[in-house]
Amino acid sequence: MSRESKLARFFRIFIPISYWLPRYNVKQNLINDVIGGLTIGFLNVPQGMAYASLAGVHPVNGLYTSLFPPLIYMLFGTSRHVAIGVFAVVSLMTGSCVVRILDEMQKAESPIEAVDIIKVLGFTVGILQIIFGLLKANRLISLLSEQIIVGFTTGAAIHVFTAQLNKIVGVDLPRHEGFGKIYNMYRDLYISAIANKGCNFPTFSLSFGAIFILYMLKYKITPYFLKKLRIPVPYDLMCVVLGTYLSYRFDFHGKYNIKVIGKVPTGIPLPVVPNVTLVHRVLFDAAAIAIIVVVVTISMGKLIAKKQKYAIDTKQEFFAIGIMEICSSFFPCWPSSTALARTLVNENAGTKTQLSSIFSATVLVSVLLFIGPYMELLPTCLLSAIVIVALRGMFAQLRNLFVLWKLSKADWAIFTVTLLATVIYDVIPGLFIGTVFGMLVSILRLQKTQLEMFYACPLFYFNCEKFEKEIIESGVEFFKNSGPFRSSEEMQMIDKTDEESPALKKSLVLDMQGIPDIDVSGINSLLKVHSELFVHGIAFKLKNPNGNCIH
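Sequential numbering of the sequence shown, starting at 188, is according to the numbering used here.
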């Protein structure tokens with residue numbers, strides 16, 4: 188391979204935009220990217236400002252976090268559809284880190300600000316993600332089962348919801364960390380809002396009305412009357428615009444003491460090197476955030492890529508996300524990630540490539556340069572209302588308490604322990620406890636798993652290594668597994684053989700005689716294999732499943 192071709196291959200793999208941008212089909216893709224980008228831009232404005240309170244910084248920092256990371260990911264990422272920006276869980280974890288370090292350094296000779304902490308946190312997260320990529324840690328991170336992630340995000344959603352309640356009722360509360368955080372917050376809320384009668388009823392009325400209207404519009408009216416509309420209605424943005432106008436028209440702050448966001452700085456900030464002397468203070472928080480961001484972003488990327496029939500480079504994603512976090516840390520941003528709802532909106536809007544990030548950025552730049560000063564009278568309680576309504580999808584995961592009990596007691600235990608640890612203790616300790624418990628459960632269930640491939644003849648099964656030609660004559664392929672069925676290695680082997688000669692197969696049979704049980708991820712993987720083979724006209728059969736595998 189010549190030096191020039193090696194260099195071209197390096198750029199194609201490490202900087203994917205250098206490969207796909209020269210081949211960009213303007214006629215087929217541009218209008219879709221414009222529509223998708225503007226749609227995400229209008230979504231990012233209210234979400235970025237709303238989630239800033241979780242991170243413990245000014246709402247304008249949420250706009251920065253929605254602006255810079257997607258542009259950097261566009262250069263290095265391999266997913267065409269993930270929409271990078273603020274994520275409620277990561278914002279909450281960032282806020283916990285900010286509060287802890289500010290408390291630790293109250294008596295320091297050179298006091299620091301919250302912005303200094305979020306910048307060095309993002310820098311450290313990026314460094315760790317690149318280290319994960321160099322160590323090929325994707326297999327290690329895959330040990331985080333789906334139930335750990337779902338249990339953790341559900342517990343974190345309860346923290347996010349609780350953190351918004353004081354803004355909904357218009358009272359100031361101290362922030363708590365550590366064991367019993369949720370209990371302490373509800374106790375303080377009761378004392379301040381009810382016992383001491385400190386509730387601001389105009390604030391509460393405005394908040395409750397906004398939550399009710401947004402919920403009805405998003406989840407009741409739109410699904411029935413506008414279900415064929417490809418572009419989602421920007422209800423959150425409409426709430427921000429209308430709330431700001433009403434606040435100005437009726438003087439919410441002056442007459443009713445409703446808190447507003449205040450001055451919004453205009454302009455684009457210049458890059459400044461993060462304060463790396465704080466790295467040791469944020470290291471533990473950064474490790475947890477780095478794992479969550481990688482798992483969520485890559486999982487969403489794979490999900491959409493499979494649906495859209497293209498592939499992402501998992502190894503490159505580690506580097507892309509890490510570089511994105513490091514570069515963004517030179518600006519007043521906290522660690523960014525994708526989010527399920529935003530990515531699905533991006534796909535449904537028709538987005539074709541990451542070039543849509545440029546058009547999304549134009550919306551945010553317009554707000555930062557021209558529109559920001561007009562938003563100074565926006566009530567902060569409306570931003571909390573937007574956050575609460577957006578949590579609906581995460582709260583829906585609570586039904587796993589009932590679903591998993593019927594499907595897999597082990598998965599139910601992992602989900603429940605992670606959820607309770609996150610709620611009772613705190614977000615980062617909850618993730619750690621859930622991960623350790625999940626690994627212990629996996630070890631207890633682990634047995635040596637052997638997956639053998641057989642071909643069929645009229646009378647016998649033959650080992651594939653000895654009778655490679657049988658598949659051509661019979662068109663039937665057999666798999667036999669001994670041990671618990673999990674979704675990772677077994678599915679990789681089935682997928683690999685499925686890709687080798689799909690035209691030659693008529694049926695794929697999985698002999699489950701030696702499988703004592705199957706987890707929920709394994710069930711979902713089998714359903715996916717069945718769906719994909721069905722499209723190609725290949726029958727997928729299960730042979731000899733025992734009682735524990737039949738749900």
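The C-beta atom is built at its ideal place from N, Cα and C for all residues, glycine as well. Note that the structure is a prediction, hence the values are computed from the model and not measured.
Look up residue i in the DSSP assignment and say whether it is helix, strand or coil.
i, result
"residue 194", "helix"
"residue 498", "coil"
"residue 695", "strand"
"residue 675", "Caution is warranted here: a pLDDT of 49 is assigned to residue 675, below 50, making its placement in the model unreliable, and no coordinate value can be reported."
"residue 724", "coil"
"residue 553", "helix"
"residue 603", "helix"
"residue 713", "helix"
"residue 538", "coil"
"residue 271", "strand"
"residue 655", "Residue confidence is low: residue 655 scores 41 on pLDDT, short of 50, so the model does not pin down where it sits. No coordinate-derived value is stated."
"residue 524", "strand"
"residue 729", "strand"
"residue 514", "helix"
"residue 373", "helix"
"residue 284", "helix"
"residue 478", "helix"
"residue 360", "coil"
"residue 367", "coil"
"residue 264", "coil"
"residue 519", "coil"
"residue 613", "coil"
"residue 385", "coil"
"residue 292", "coil"
"residue 415", "coil"
Give the C-beta separation of residue i and residue j to the nearest angstrom, bearing in mind that I take them to be a contact with Cβ-Cβ under 8 angstroms.
i, j, result
"residue 316", "residue 505", "6 angstroms"
"residue 238", "residue 278", "4 angstroms"
"residue 548", "residue 254", "6 angstroms"
"residue 431", "residue 626", "Wrong, their Cβ atoms sit about 49 angstroms apart, outside the cutoff."
"residue 568", "residue 322", "About 45 angstroms; that fails the 8 angstroms criterion."
"residue 565", "residue 448", "5 angstroms"
"residue 215", "residue 601", "Incorrect: roughly 44 angstroms between the Cβ atoms, too far for contact."
"residue 717", "residue 534", "Contact flag wrong, Cβ pair sits at about 23 angstroms."
"residue 328", "residue 525", "At roughly 16 angstroms, the Cβ-Cβ gap does not stay under 8 angstroms, so residue 328 and residue 525 are not in contact."
For residue i, is the classification buried or exposed, using 16 other Cβ atoms within 10 angstroms of its Cβ as the cut-off for buried?
i, result
"residue 618", "buried"
"residue 218", "exposed"
"residue 596", "exposed"
"residue 411", "exposed"
"residue 378", "exposed"
"residue 498", "exposed"
"residue 722", "exposed"
"residue 516", "buried"
"residue 623", "exposed"
"residue 257", "buried"
"residue 753", "Since the first residue shown for the chain is 188 and the last is 738, residue 753 is missing from the structure and cannot be characterised."
"residue 310", "buried"
"residue 641", "In this prediction, residue 641 scores a pLDDT of 46, lower than 50, which makes its location untrustworthy; the coordinate-derived value is nonetheless stated afterwards. That one is buried."
"residue 697", "buried"
"residue 477", "buried"
"residue 475", "buried"
"residue 620", "buried"
"residue 236", "buried"
"residue 468", "buried"
CB-CB under 7 angstroms to residue i, same chain, minus the five flanking residues each way: which ones, in chain order?
i, result
"residue 336", "482"
"residue 222", "418, 536, 537"
"residue 220", "538, 539, 540, 542, 543, 546"
"residue 585", "341"
Take residue i and list the residues in its own chain whose beta-carbon comes closer than 6 angstroms to its own, dropping the five residues that flank it on each side.
i, result
"residue 465", "307"
"residue 510", "263"
"residue 612", "366"
"residue 380", "356, 358, 386"
"residue 325", "501"
"residue 313", "509, 512, 513"
Short of 8 angstroms in beta carbon distance, which residues of its chain neighbour residue i, apart from the five on each side in sequence? Order them along the chain.
i, result
"residue 286", "243, 362, 364"
"residue 462", "299, 303, 306, 307"
"residue 259", "510, 511, 514, 515"
"residue 556", "453, 454, 455"
"residue 578", "275, 344, 347, 348"
"residue 204", "261, 262, 263, 541"
For residue i, verify whether its CB is less than 7 angstroms away from any heavy atom of the ligand ADP.
i, result
"residue 356", "Absence of the ligand ADP from the depicted structure is noted, as is the absence of any ligand whatsoever, leaving it without description."
*Which runs of the alpha helix (DSSP H) spanning at least 4 residues fall entirely within the segment 558-600, listed in chain order?*
567-577, 579-582, 587-594
*asked:* At 4 residues or longer, what runs of the alpha helix (DSSP H) sit wholly inside the segment 296-350?
replied: 301-321, 325-328
*Within the segment 417-465, ranges of the alpha helix (DSSP H) (whole runs, at least 4 residues)*: 422-437, 439-443
*Starting from the N-terminal side, write out each stretch of the alpha helix (DSSP H) that is 4 residues or longer and does not extend beyond the segment 188-246.*
190-201, 204-207, 213-242
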